[in-house]
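Below is one structure, written out as structure tokens; comments come after it.
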Amino acid sequence: MTDRTTDLDFLRLSNEVGRRATTLGHHPFGAVLVGPDRRTVLMTQCNIDTVNHAESTLARIAASNWPAEVLWDCTLYTAVEPCCMCAGTIYWANIGRVVYGMSEKRLLECTGDHPENPTMSLPSATVFAHGQKPITLEGPFPEIEAETLALQRDFWSTR
0 MTDRTTDLDF LRLSNEVGRR ATTLGHHPFG AVLVGPDRRT VLMTQCNIDT VNHAESTLAR
60 IAASNWPAEV LWDCTLYTAV EPCCMCAGTI YWANIGRVVY GMSEKRLLEC TGDHPENPTM
120 SLPSATVFAH GQKPITLEGP FPEIEAETLA LQRDFWSTR
């Protein structure tokens with residue numbers, strides 16, 4: 000298992016991937032897949048559009064490149080809690096551990112009723128709890144919230 004400092008480093012990397020997404024004209028979300036050794040970055044993915052979120056796109060690509068048994072021992076890091084669509088895709092991809100920095104509820108405070116991000120009030124823990132596999136979900140991490148909030152507020156305030 001990783002220590003908290005390592006988790007925070009990967010969460011910060013997911014924010015950097017989210018910043019990269021904004022330079023491409025996309026929403027500020029990023030995801031990082033870390034291998035079974037809990038140290039090796041296997042891939043990163045930025046947000047593409049409203050149905051190709053960073054987490055769901057990463058999970059689909061990962062599922063087509065690594066066996067389910069390997070993915071079960073991997074960790075997906077994302078600065079913002081996966082939405083219900085992404086949580087479902089992560090579940091089906093067989094990624095066994097998810098770590099997030101800030102809750103989707105806090106994201107809603109940044110986006111409000113913005114038509115580009117109609118956040119659903121369905122926590123990823125609820126999605127995972129209705130599955131048959133025990134996905135490990137860790138978060139939020141208060142240490143990264145200010146950084147994540149700043150990225151989100153900066154972006155959404157200009158939309």
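Numbering (numbering that gives the first Met the number 0), first residue to last: 0 to 158.
We put the beta carbon where it would ideally sit given N, CA and C, even for glycine.
Scanning its chain for C-beta atoms nearer than 6 Å, with the 5 sequence neighbours on each side dropped, one finds around GLY130 the residues TYR90, in chain order. Counting C-beta pairs closer than 8 Å gives three or more between the segment 98 to 114 and the segment 142 to 153, which meets the contact rule. The same chain holds no residue with a CB closer than 8 Å to that of ASN51 once the five nearest residues on each side in sequence are set aside. Contact annotation: GLY17 and PRO27 have beta-carbon atoms nearer than 8 Å. DSSP places THR157 outside both helix and strand once states are collapsed to three, so it counts as coil. In this structure, TRP155 and CYS109 form a Cβ contact; the two beta carbons are roughly 5 Å apart against a cut-off of 8 Å. Within the segment 31 to 114, the complete alpha helix (DSSP H) segments of 4 residues or longer fall at 53 to 62, 67 to 71, 83 to 92 and 103 to 110, listed in chain order.
Here LEU136 carries a strand assignment [DSSP, helix/strand/coil].
The Cβ atoms of LEU57 and GLN44 sit closer than 8 Å to each other. Here ALA78 is buried: its Cβ has 16 or more other Cβ atoms, across all protein chains shown, within 10 Å. Linking LEU121 to LEU32 through their CA atoms gives a straight-line distance of about 23 Å. Contact between ALA53 and ILE94 is absent: CB atoms are separated by about 13 Å, not below the 8 Å threshold. In the structure shown, GLY17 adopts helical secondary structure according to DSSP, grouped into three states.
Residues of the same chain with a CB within less than 8 Å of the CB of ILE143, apart from the 5 flanking positions on each side, are LEU7, LEU10, ARG11, ASN14, ALA78, GLY100 and MET101 in chain order.
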